[in-house]
Each structure stands twice: as C-alpha cells, then as structure tokens.
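A.B. asks: Chains as they are written, first to last, in the numbering used here: chain A, 27 to 563; chain B, 27 to 563. C-beta atoms are modelled at their ideal positions from N, C-alpha and C, and glycine is treated no differently.
Protein chains: 2
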Amino acid sequence: MAENRKRKFWGWGYEDQGPTPEQQRHMAERMAKRFGLGPLEISPPPKESDLNLRAPRVKPPAALEAICTTAVHERAGHTYGKGSRDIRRAFRRDYPNPIDVVAFPRDEKELIRTLEWCDGANIAAVPYGGGSSVVGGVEPPEGDRYRGAVSIDLMHLDKVVEVDKVSRAARIQAGVYGPALDAQLKAHGLTIRHFPQSFEFSTLGGWIATRSGGHFATLYTHIDDFVESLRVVTPTGIVESRRLPGSGAGPSPDRMFIGSEGILGVITEAWMRLQDRPTFRAGASVPFPSMFKAADAVRQISQAGIYPANCRVLDEGEAFNSGAGNGDEAVLVLAFESADHPLEPWMKRALECCADHGGKIPADAAKTRTDAEATHEGSAGAWRNAFLNAPYLMDTVAAMGMVSDTFETSITWERFPDFHRQMMEAARDVIARVCGKGTVTCRFTHVYPDGPAPYYTILAPGKRGSELEQWDEIKAAVSDKLIALGGTITHHHAVGRYHRPWYDRQRPDGFALALKAAKKALDPRSILNPGVLIDPD
Amino acid sequence: MAENRKRKFWGWGYEDQGPTPEQQRHMAERMAKRFGLGPLEISPPPKESDLNLRAPRVKPPAALEAICTTAVHERAGHTYGKGSRDIRRAFRRDYPNPIDVVAFPRDEKELIRTLEWCDGANIAAVPYGGGSSVVGGVEPPEGDRYRGAVSIDLMHLDKVVEVDKVSRAARIQAGVYGPALDAQLKAHGLTIRHFPQSFEFSTLGGWIATRSGGHFATLYTHIDDFVESLRVVTPTGIVESRRLPGSGAGPSPDRMFIGSEGILGVITEAWMRLQDRPTFRAGASVPFPSMFKAADAVRQISQAGIYPANCRVLDEGEAFNSGAGNGDEAVLVLAFESADHPLEPWMKRALECCADHGGKIPADAAKTRTDAEATHEGSAGAWRNAFLNAPYLMDTVAAMGMVSDTFETSITWERFPDFHRQMMEAARDVIARVCGKGTVTCRFTHVYPDGPAPYYTILAPGKRGSELEQWDEIKAAVSDKLIALGGTITHHHAVGRYHRPWYDRQRPDGFALALKAAKKALDPRSILNPGVLIDPD
Numbered sequence: 027m028a029e030n031r032k033r034k035f036w037g038w039g040y041e042d043q044g045p046t047p048e049q050q051r052h053m054a055e056r057m058a059k060r061f062g063l064g065p066l067e068i069s070p071p072p073k074e075s076d077l078n079l080r081a082p083r084v085k086p087p088a089a090l091e092a093i094c095t096t097a098v099h100e101r102a103g104h105t106y107g108k109g110s111r112d113i114r115r116a117f118r119r120d121y122p123n124p125i126d127v128v129a130f131p132r133d134e135k136e137l138i139r140t141l142e143w144c145d146g147a148n149i150a151a152v153p154y155g156g157g158s159s160v161v162g163g164v165e166p167p168e169g170d171r172y173r174g175a176v177s178i179d180l181m182h183l184d185k186v187v188e189v190d191k192v193s194r195a196a197r198i199q200a201g202v203y204g205p206a207l208d209a210q211l212k213a214h215g216l217t218i219r220h221f222p223q224s225f226e227f228s229t230l231g232g233w234i235a236t237r238s239g240g241h242f243a244t245l246y247t248h249i250d251d252f253v254e255s256l257r258v259v260t261p262t263g264i265v266e267s268r269r270l271p272g273s274g275a276g277p278s279p280d281r282m283f284i285g286s287e288g289i290l291g292v293i294t295e296a297w298m299r300l301q302d303r304p305t306f307r308a309g310a311s312v313p314f315p316s317m318f319k320a321a322d323a324v325r326q327i328s329q330a331g332i333y334p335a336n337c338r339v340l341d342e343g344e345a346f347n348s349g350a351g352n353g354d355e356a357v358l359v360l361a362f363e364s365a366d367h368p369l370e371p372w373m374k375r376a377l378e379c380c381a382d383h384g385g386k387i388p389a390d391a392a393k394t395r396t397d398a399e400a401t402h403e404g405s406a407g408a409w410r411n412a413f414l415n416a417p418y419l420m421d422t423v424a425a426m427g428m429v430s431d432t433f434e435t436s437i438t439w440e441r442f443p444d445f446h447r448q449m450m451e452a453a454r455d456v457i458a459r460v461c462g463k464g465t466v467t468c469r470f471t472h473v474y475p476d477g478p479a480p481y482y483t484i485l486a487p488g489k490r491g492s493e494l495e496q497w498d499e500i501k502a503a504v505s506d507k508l509i510a511l512g513g514t515i516t517h518h519h520a521v522g523r524y525h526r527p528w529y530d531r532q533r534p535d536g537f538a539l540a541l542k543a544a545k546k547a548l549d550p551r552s553i554l555n556p557g558v559l560i561d562p563d
Numbered sequence: 027m028a029e030n031r032k033r034k035f036w037g038w039g040y041e042d043q044g045p046t047p048e049q050q051r052h053m054a055e056r057m058a059k060r061f062g063l064g065p066l067e068i069s070p071p072p073k074e075s076d077l078n079l080r081a082p083r084v085k086p087p088a089a090l091e092a093i094c095t096t097a098v099h100e101r102a103g104h105t106y107g108k109g110s111r112d113i114r115r116a117f118r119r120d121y122p123n124p125i126d127v128v129a130f131p132r133d134e135k136e137l138i139r140t141l142e143w144c145d146g147a148n149i150a151a152v153p154y155g156g157g158s159s160v161v162g163g164v165e166p167p168e169g170d171r172y173r174g175a176v177s178i179d180l181m182h183l184d185k186v187v188e189v190d191k192v193s194r195a196a197r198i199q200a201g202v203y204g205p206a207l208d209a210q211l212k213a214h215g216l217t218i219r220h221f222p223q224s225f226e227f228s229t230l231g232g233w234i235a236t237r238s239g240g241h242f243a244t245l246y247t248h249i250d251d252f253v254e255s256l257r258v259v260t261p262t263g264i265v266e267s268r269r270l271p272g273s274g275a276g277p278s279p280d281r282m283f284i285g286s287e288g289i290l291g292v293i294t295e296a297w298m299r300l301q302d303r304p305t306f307r308a309g310a311s312v313p314f315p316s317m318f319k320a321a322d323a324v325r326q327i328s329q330a331g332i333y334p335a336n337c338r339v340l341d342e343g344e345a346f347n348s349g350a351g352n353g354d355e356a357v358l359v360l361a362f363e364s365a366d367h368p369l370e371p372w373m374k375r376a377l378e379c380c381a382d383h384g385g386k387i388p389a390d391a392a393k394t395r396t397d398a399e400a401t402h403e404g405s406a407g408a409w410r411n412a413f414l415n416a417p418y419l420m421d422t423v424a425a426m427g428m429v430s431d432t433f434e435t436s437i438t439w440e441r442f443p444d445f446h447r448q449m450m451e452a453a454r455d456v457i458a459r460v461c462g463k464g465t466v467t468c469r470f471t472h473v474y475p476d477g478p479a480p481y482y483t484i485l486a487p488g489k490r491g492s493e494l495e496q497w498d499e500i501k502a503a504v505s506d507k508l509i510a511l512g513g514t515i516t517h518h519h520a521v522g523r524y525h526r527p528w529y530d531r532q533r534p535d536g537f538a539l540a541l542k543a544a545k546k547a548l549d550p551r552s553i554l555n556p557g558v559l560i561d562p563d
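1) Just mark L554(B) as buried or exposed, buried being the case when its beta carbon has 16 or more other beta carbons within 10 Å.
2) Taking E74(A) as the reference, give the member of D421(A), R56(A), E100(A) and A88(A) with the closest Cα.
3) Using a Cβ cut-off of 8 Å, pull out every chain A residue sitting near K546(B), in sequence order please.
4) Any beta-carbon of chain B closer than 8 Å to the one on Q223(A)?
5) T105(A) and P82(A): beta carbons closer than 8 Å?
6) Do P562(A) and R171(A) come within 8 Å of each other at the CB atom, strictly closer than that value?
7) Find out if the Cβ-Cβ distance for the pair G513(B), T396(B) is shorter than 8 Å.
8) Are R200(A) and E355(A) touching if we call contact CB-CB under 8 Å?
9) Using beta-carbon positions only, say whether P480(A) and C468(A) come within less than 8 Å of one another.
10) On the criterion of 16 or more Cβ atoms from any shown chain inside 10 Å, does E403(A) qualify as buried, or is it exposed?
11) What are the complete beta strand (DSSP E) segments, minimum 3 residues, inside the region 67–147 of chain A?
12) Would you say F227(A) and G156(A) are within 8 Å of each other, going by their C-beta atoms?
13) Run through DSSP, which three-state label would E403(A) get?
14) Can you give the Cα-Cα distance for A543(A) and I289(A), rounded to whole angstroms?
15) Report the option in E165(A), D179(A) and H214(A) whose CA atom is closest to the CA atom of E188(A).
16) Between which residues of its own chain and E287(A) is the CB-CB distance below 8 Å, once the five residues before and five after are set aside?
17) Please confirm whether V253(A) has its beta-carbon closer than 8 Å to some beta-carbon of chain B.
18) Tell me which residues of the region 270–286 of chain B have at least one Cβ-Cβ distance to chain A shorter than 8 Å, keeping chain order.
19) Check whether the Cβ of H248(B) lies closer than 8 Å to any Cβ atom in chain A.
20) Between which two residues does the alpha helix (DSSP H) containing W297(A) stretch?
21) What residue does the alpha helix (DSSP H) around M181(B) start on, and which one ends it?
22) Use the C-beta contact count for N352(A): other C-beta atoms within 10 angstroms, 16 or more gives buried, fewer gives exposed.
23) Pull up the distance between the alpha-carbon of L419(B) and that of W143(B), whole angstroms please.
24) What alpha helix (DSSP H) runs, 4 residues minimum, are completely inside the region 306–336 of chain B?
25) Which runs of the beta strand (DSSP E) fall wholly inside the region 192–223 of chain A and span at least 3 residues, in chain order?
26) For the structure I just gave you, are there three or more beta carbon pairs, one from the region 248–263 of chain A and one from the region 446–462 of chain B, closer than 8 Å?
27) Nearest to M373(A) by alpha carbon, out of A335(A), T516(A), P475(A) and F130(A)?
28) Which one of H446(B), A175(B) and V423(B) has the shortest CA to CA distance from S552(B)?
29) Counting only runs that start and end within the region 144–176 of chain A, where is the beta strand (DSSP E) found for 3 or more residues in a row?
30) State the DSSP-derived secondary structure class of H367(B), mapped to helix, strand or coil.
31) Let me check one thing: in DSSP terms, what residues is L485(B) bridge-paired to?
32) If we cut at 8 Å on Cβ distances, does L559(B) have a partner in chain A?
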C-alpha cells in the first residue's frame, strides 16, 4: 500500500480513485435503463466532518502513544470492512460503535506490548490486515463486556524477510499487501500466485486468517496449501511451527490457525510456498448451451488430473454482464499456465472434455503462448478486467441505491444441479418479494474433483434508506436455503460476525467446544476478536 | 481381513503366512554372509502358552459381554503394534502391561456404550484399527492412573455404506481394511488409491487418525486431502462435518481430527474422495550417478507441476538391496498413471528433468501403456515387490537377532544435502558404536515442491537379548539429530508413545496447550488413548 496516499475510510481504495462523477452518472443511467427505473440519484459519500464518533473509551499507555491514533479517519476506517453492509452504514453516517484506538505496531515487540495492554485492561483486540472483510471480520464487539476496542493494524510488518529460491519459499511478514508482496518476490523471479479479488487491499496475514481463495481455480484454491509454517503471537506467548514440506506429526498446528480469523492469535510471519513466474500460457473462452452443460464439462476436467489455473464457468447472465457472452450462452473461461513446459497436451485434453458436453471450441484454442505474446485478450480478458474493477464500482452502485452483493458456497457435483436450481429460485423469489425486481447470476470461482464453488451475484433496485435491511432479508433467505441444502456458508469469504448464525448451524457442536477450549488456552481473557467464529465466554 | 484366518498375535500377518523355515534359514545365511557373521540362530516366535498375562483388571458390564473378550490371543495381539520394538518384546515374551479387555463393537451404538463404560469406570480406551502402528500408538498406558485398559477394535465397521459416483466419493466405515475397501470400491469402478506399506492390515480410520502416507509420491501424499467429511464419536457426543468439496468457514474441523491418533474421539465413518481406476500408465527406472544428482532431478520434477504418481529415489544401497540397482548408482523410480489420458507429454518432461541432472534415460521409457499391457516389470517391479513383502520379512530378521528398523522425516530442499550427509554420518556413527557394524540406506517416499521426505533403513547385527536397547540407542541418536537439524520426527509414521520425546520438542508449546484444552472439552476424563501425543492431566 502506498503510504503517501489516503485510503477512503468509507469504501474501497484510495480517495483519489474510482469512477469520476461523469462515469458515475453514466453508470446510473445504464442501471436505470436496465431495470426500467426513473433517474437514479447518486448519494454523496460521507465526509469525516459528517461523523460524530463517540469519544474513545480507552487511552493507550504512554509507551504505546507513538504507535496509536484516535484520528477520526483511522477510527472510522477501521470500524468496518468493505462489504455492502459496511458501505451502506458509511453512507448513513452510522458509526454507533466505533473502534476506540488504532495501533500500528512497527515490529513484533510493539505488537506484543499492544496485546499486553489490551489483555491487562480488558480491551477487545481486533487484528487488522487490509480491512477488506465482507463479513464483519474487523468490527469491534458491541456491548460493555470490554472497556473498549483497539484495532491492531499490521501495515508496518510489510517485508519479505528471507527468500529460499531452492525450495521456492519465503519468510514473509503478515502485514504486507498483495502488490507489495509480489513486487518484492519479483526480484527473485518468484510469485505468490494467490490473487483474491481483494488483492490490492488485503494482506498475507489476512489471507491466512480467513482461508482466502485465490488465483488458481483448481488444486491450490485456498491459501492453506501454500503455508509452509506460521508464527503467531498470542496473549500467552508465541506459537511458531517448523518449516516442513510435509508432516504427519499429530494434527497440523498450522491448520488450527489457518482460518482462525484472529481469535487465537495474531499471525506475524509465515514461510510461504511460492511459484516460479509463469512463462507459458494457454487460454480459451468456451461457450456452452447452458450452465449445466458447462458444469458437466468442468466436472470432467476437474476429475481428469490436468489442473487448469483458470476454470471458471459464467452463467448466461454473468457472461453477458461481464462482456464475455451474448446472454444466451454460458461461458467457460479456461486457462493453463506454467513456468516449466508448453501446455498444448493439457489444453487439448480440456477442450476435448468441453466438446464432449457441447462446448463450442474456438479455432486455435489449444495454442500455448509464451509470456511475451500472452496478453489478456478476448472474453477472458473482459471477464478479468471486470473482476478486478468490481470493488471500485461497488461504492457507486451503493450510492445510486442499488441492492448489490454476493454470496458463495460449495457443493458436491451430484447435488449441484438441484442445489443450483433451488438456490436460483430462492434468490429470485426473495428478490421479487423484497425489491420487486432484480437479477441473480452465478459463476464458479473454484472447482474440485468432488464439486464446484458457485458464487452468486445479486443486483436489484433498493428502496432509499432501506437498502441495508433489504439486503439482510435477501441474505438471510438465501443463507437459510444453502445451509438447508448442504452447502457451506462460505467458500472463501470467511465467517466473521455476519455469517455467524449459519456457521453455527454448519460447524459441528463438538468442534465449536474444542475451538472454544483452544481459544481459552491461548487467550484466557478472550480479548482477541471476540464474537467472531465463537462467542466469548 | 479374512475373519476365518488367525492373525499372529506377535507379528505381521496371518499365522499361516510368512517365510517357511527353509526360507528363513536361507535368509539367515545370506544375512550372516553379508555382515561376515557366524551362523545366525532363528529364535522361535512366542506361543500363547508362553505368556502369563496379568489377570484382566476390569470386567465388562453384562450388556457388553457379547462383544468383549479376554482371550490371551486377543489381549496380547492388541497390546502392541507391529514395529521392531513390538516384535522384539513379543520374542522376549515380555507383556508386563497387557490390554485388559478387547471390545469388538458391531455398530456405532455399541461403540458408544463401550466408551460410556470406560468413561464411567475410569478405564483407558484405546481405539484400534488394524494395529499396524510402529510408534506405540495402540499400547495401553502404564501406571495406575486408570483402573484398566480396553482396546476398541473396529473391525466390524467394515462396509462401504454409500457411493456417489458423480462426485467420486463414498461414505465408508472406519474399520474396513485396505484390501476389503478396494474390493468394495472396485464394483463401482473406483479406488481409494492410498496404499501405505501396511495396506493389508490397516484400516481407513487408522489412516485418517495417523495421517498415513500412501500411494501417491506427489500431491496427494497423505490421506488428509482425500477426506471429504468425518464422523467421530467422542465421550461428549458425535462430531460430524459436512460433505464439502472446499470450505473457508473457520479452521477446518476435519483437520483437527486428522492426525489426532485417537485422543479426541473414535472415527467411525468418513466420506472419502476417490479416484477412477487408472487405465494409462507410464513408468521408468532412471539410474543416477548419485543420490544428490537424483535429488536435483526430483526437485525439478516436483516443482514442474506434472505430479508423477511415483517419484521415489533409492540411494545406492537401497537400490542394490531391492534389486533395482547395481550398488554404484542411485535409482529414481518414476511413474505416471491416469484414468483419463495417455501420459507421454508428462513422462517426456519428467525424463528431460532427469537428463538435465545426469540420469540415464532407458530407451522407450516415455511410452504410455494401457492397463492390459501394464505389468510391474523391471527394477520398478522389483522395488514394489520388496516394498510390499517387507513387513512379512521383518519378523524373521528380528528372529535372527538383527537390529532392523526405519526412521523417516521431511526437510526443505535447500537444507537437504547437508541434512542428509549429517543424518547418514550420525546413523553410521551410532551403528558403529552400538552394533560394531551395519548399514544405513535412504529413499525418498514422497516429494513436495519445497522438499523431500527421506526414509532411512538401518540394518545391523544385534547382541542377543539386547537388540531392543541397541535400537533404542540408535533411534534416540538419529532422532536427536533430525530434530536438531529442523526435520519432523515423522512424515507418515505418526507420533504414538515412541516419538513423544522428539514430538514434544518439535510441536509449538502453544499448540500443545490448545490441543490439550480441545481434548479436555471432548474427553473430560481423559480416557481416550492417554499418553499418545500429549499427557493426560
């Protein structure tokens, strides 16, 4: 993250970025036309001076003053994540329970001292990476169980500390943002090859704490498998695992912290498994007569042992919206990449699978391009641009009063067709009931030999002032449905506070008991991100 | 497991199996010649009538009598695993702390009642799969903390309950032995494709509880990634996770139980990810001028994204002993397999990596064979036969007074050369000191992009009556060394009781605290396999 530029406290990215007023008006006109609405007014975003934050309830000790701030911009910016509920509340100037103090430890020692302060003074400590949570993962707890809440922002722990080119691994501080990480690795010819949509404003530690889903659509989908070892600061001490390519010595210590969302400790460093920068690429966009036909092809590909880097199905609506399809066809965005070998045999086999299920194979699709030739062209390129720009546009879509958000899950293949039909029906029903009209579209973000991870996008005209409640109603209906049908409440967006009601139905009770006990052992006074994943005692 | 055949209570396999007396004499002659020893007497194995087991300290309640036994054969057979220490103690007729009762629950309800009995009566409950532990994982605890010890043998939970061909998964009871499992899956054209050396006498539940290492040398090395969901009976209730292809909802519940070695609960069922039965194969044995050259080639292969099914380096001694090499060369046993596509491009690329590092490529090696043609020929076949027969021969090697056992670990590539030199030197030193002479050899069982899993075999003439203490001294020296050099005390043999001193140095203290707390939550009276992985309170 560039330290000389100011982040929006209320939305995605830098203050000087995002669509211009003219672009916003253009977007609003298109949106109004699409849904047959009258002119859509674009609400102005909040300014710091609009806010009247509660005075900080706690004051850092003198020794920590230099790394702490109570500036309104920082307190407001660290109170919410970047989901639609967060932007919506920001537009309402609604900050009833702000973070009291933001701490920016410059090293592990200062982090330990910050935790000691919180632990001794009964203050909730919220670990903060890039703040891109869409599930309320960085919000302070409500109520008076704690004297206050401190957000611990790890942005200064931003270095690649050690590189092992032979094993293709590096020891990396957890607070580094995606682009800065890849820039540091590039000097060594390596790459993390993990690009969640939040890449620009999320951190390594955040990815690990939330089991983020990244670049690879198959095989290395989540960050989990890239973690070689971890270093975690807890209120009871430092937990550090060994660098091991593989081990069978008891349950994996790393897997306990991967996905722990800051409730067990603060991840400060990790040895990460890296990739060589790819030099060979092969890609194609393959239209299919339907989402289900495309799913059949993708199932075959995912069970063939050929592991494409990209294997994302866009349904008819999603393909159309992103410029990758004509609206009547689903599109499979397929790509292989390698730093080692040309990809014709892999691509050829994947295209055979597509042809088996009615995919229209583009001419010359199986050709490997080397890095110099490989630009992101065609519908694959259109989709990718839309993917990376989406967070920047969300603020504007919210500002024009649309109800717009996503939900995502995974399900085994044999249940997928019925699951998908029922999810689409449930989404359409609740959209019609709550908003009168609107759309739901679907894509696969990741696929496995035993099933896909479908990702649903909802867009509907909201009622001014009620958009948040409208979304909550839609979200509850689709979440109830997907939990009843056997899905997961999240494939890669984490649990946080927002997913808790459904996570509580999903996770086995015995596991929650065990997790709670583990937390108590590491964080006896329950100061770490209380309320996320499990309730504090 | 065939129920009409009797297992040896003291060693590997069935009573009517293993080398004949004549074959044993022949083995002893070859061994004596190899190490320049006088004639090696072959000690007779123990008979039930040799044993004078302590009377059972506990008696099952009437309701459980029908599924419990106190027969000497079963009690002795369930007291030890199948490591060299176990066979050695059996040959000494040394059973000072036997299992008191063996329970054979026929269903989950009977298992629950058995656990209730143990929980209420302060009896240690030892979950028992195939009993192939080589680390003391199925032994009862010593001392008087518990009134007795019950071995809970799951052999009757031996069915594939449900098959989902579309997602290639099946719900399987945990007590099923390897061959019975694959026979049941074969009817559906599927296979577990996980063949640890113990395959014939180990169970699905045992594999999961110990994170066993299987067939695939790359990618799907441990059983972990094949687990889609688990069902576990604990003293505080049943824990069951959802069938999900992937999830990011908190730390993985399954990963807490995978590798828990029976201390958190008894695994009764799992949905497992399966494979289609391979129909294409390509294999070659590639000689290299040295182990280190072969390692360089294997590193390149493991980082190339081509994922061979077999990629096992045998050092000079190991290759010679298994008939795969001439004693001057290391040998890489390389194989690809697929149910989907011919394998020439994969094999060709792997062989290029071999050639880059001085491997001698056999003529015609890159040819894919289809299933009908694919027999296990040449040095790869010789090695495989030796691999599968090894457990049968171990009894005889012990009976002739040899000190013979293995240790295994993993290490990152950049440390491997120095690590391996130091490990070989440490092993040779301690063998010379303790046994006067002997050999240590090495192979890679599994390889990862960031490092190999080296597996060391020690063979040395023992001093009659002291072989166990001699091995303990050797084991302690090499374990101290590998822990000091950054390895893991086990890559796929588990921790049990035997590896505890080194595991305790390896695992982070904070993780042990958390694991202990998790255990207390699920098993409040600490009856489950106490002393394994962590101490009971």
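C.D. replies: With the structure as the only source:
1) As a first step, residue 554(B) is located in the second sequence; it is residue number 528 there, counting from the start. Counting Cβ neighbours within 10 Å, L554(B) comes out buried, since at least 16 surround it.
2) Within the first sequence, numbered from 1, the residue matching residue 74(A) stands at position 48. The candidate whose alpha carbon is nearest that of E74(A) is E100(A).
3) Here residue 546(B) corresponds to residue number 520 of the second sequence, with the count starting at 1. Simply A543.
4) Here residue 223(A) corresponds to residue number 197 of the first sequence, with the count starting at 1. Chain B, which has no Cβ nearer than 8 Å to the Cβ of Q223(A), makes this no.
5) Taking the first sequence and counting its residues from 1, the one referred to as residue 105(A) is at position 79. Taking the first sequence and counting its residues from 1, the one referred to as residue 82(A) is at position 56. In this structure, T105(A) lies away from P82(A), with their beta-carbon atoms at least 8 Å apart.
6) Within the first sequence, numbered from 1, the residue matching residue 171(A) stands at position 145. Within the first sequence, numbered from 1, the residue matching residue 562(A) stands at position 536. Yes, these two residues count as a Cβ contact at 8 Å.
7) For the purposes of this step, residue 513(B) is identified with residue 487 of the second sequence, where counting begins at 1. For the purposes of this step, residue 396(B) is identified with residue 370 of the second sequence, where counting begins at 1. For G513(B) and T396(B), no; Cβs fall outside 8 Å.
8) What you label residue 200(A) is simply residue 174 of the first sequence in a count that begins at 1. What you label residue 355(A) is simply residue 329 of the first sequence in a count that begins at 1. First, the residue type needs correcting, since residue 200(A) is Ala and not Arg in the sequence shown. Contact: no.
9) As a position in the first sequence, residue 480(A) is number 454, starting the count at 1. As a position in the first sequence, residue 468(A) is number 442, starting the count at 1. Yes, the pair counts as a contact, with Cβ atoms nearer than the cut-off.
10) Translated into the one-based positions of the first sequence, residue 403(A) becomes position 377. Only weak support is given to the placement of E403(A): the predicted model assigns it a pLDDT of 49, under 50, and the value that follows is read from those uncertain coordinates. Exposed, because fewer than 16 other Cβ atoms sit within 10 Å of the Cβ of E403(A).
11) 127–129
12) Counting from one through the first sequence, the residue named residue 227(A) turns up at place 201. Counting from one through the first sequence, the residue named residue 156(A) turns up at place 130. A contact, by the Cβ cut-off of 8 Å.
13) As a position in the first sequence, residue 403(A) is number 377, starting the count at 1. With a pLDDT of 49 at E403(A), under the threshold of 50, the modelled position of this residue cannot be trusted, and the question is left open.
14) Walking along the first sequence from the start, residue 543(A) turns up at place 517. Walking along the first sequence from the start, residue 289(A) turns up at place 263. If you take the alpha carbons of A543(A) and I289(A), they lie about 12 Å apart.
15) Mapped onto the first sequence, residue 188(A) falls at position 162. It is H214(A) whose Cα lies nearest to the Cα of E188(A).
16) If you number the first sequence from 1, residue 287(A) lands on position 261. Within the same chain, E287(A) has close Cβ partners G163, A235, T236, A520, V521, G522, N555, V558 and L559.
17) Mapped onto the first sequence, residue 253(A) falls at position 227. Not one chain B Cβ lies under 8 Å of V253(A).
18) L270, P271, G272, S273, G274, A275, G276, P277, S278, P279, R281, M282, F283, I284, G285 and S286
19) Counted from its first residue, the second sequence places residue 248(B) at position 222. Closer than 8 Å: yes.
20) As a working note, residue 297(A) is residue 271 in the first sequence. Note, W297(A): premise wrong, no alpha helix (DSSP H); beta strand (DSSP E) at V292 to R299.
21) Looking up residue 181(B) in the second sequence gives position 155. No alpha helix (DSSP H) holds M181(B); DSSP gives it neither H nor E.
22) Against the first sequence, residue 352(A) aligns to sequence position 326. Burial call: exposed.
23) Stepping through the second sequence from its first residue, residue 419(B) is reached at position 393. Stepping through the second sequence from its first residue, residue 143(B) is reached at position 117. If you take the alpha carbons of L419(B) and W143(B), they lie about 39 Å apart.
24) 317–328
25) 195–199
26) no
27) As a working mapping, residue 373(A) is identified with position 347 in the first sequence. Of the candidates A335(A), T516(A), P475(A) and F130(A), the one whose C-alpha sits nearest the C-alpha of M373(A) is A335(A).
28) Here residue 552(B) refers to the residue found at position 526 when the second sequence is read from its first residue. Among H446(B), A175(B) and V423(B), the Cα nearest to that of S552(B) belongs to A175(B).
29) 149–154
30) Along the second sequence, read from residue 1 onward, the residue named residue 367(B) stands at position 341. Coil.
31) Taking the second sequence and counting its residues from 1, one reaches residue 485(B) at position 459. Paired residues: S430(B) and T465(B).
32) What you label residue 559(B) is simply residue 533 of the second sequence in a count that begins at 1. For L559(B), the answer is yes, since a Cβ of chain A falls inside 8 Å of its Cβ.
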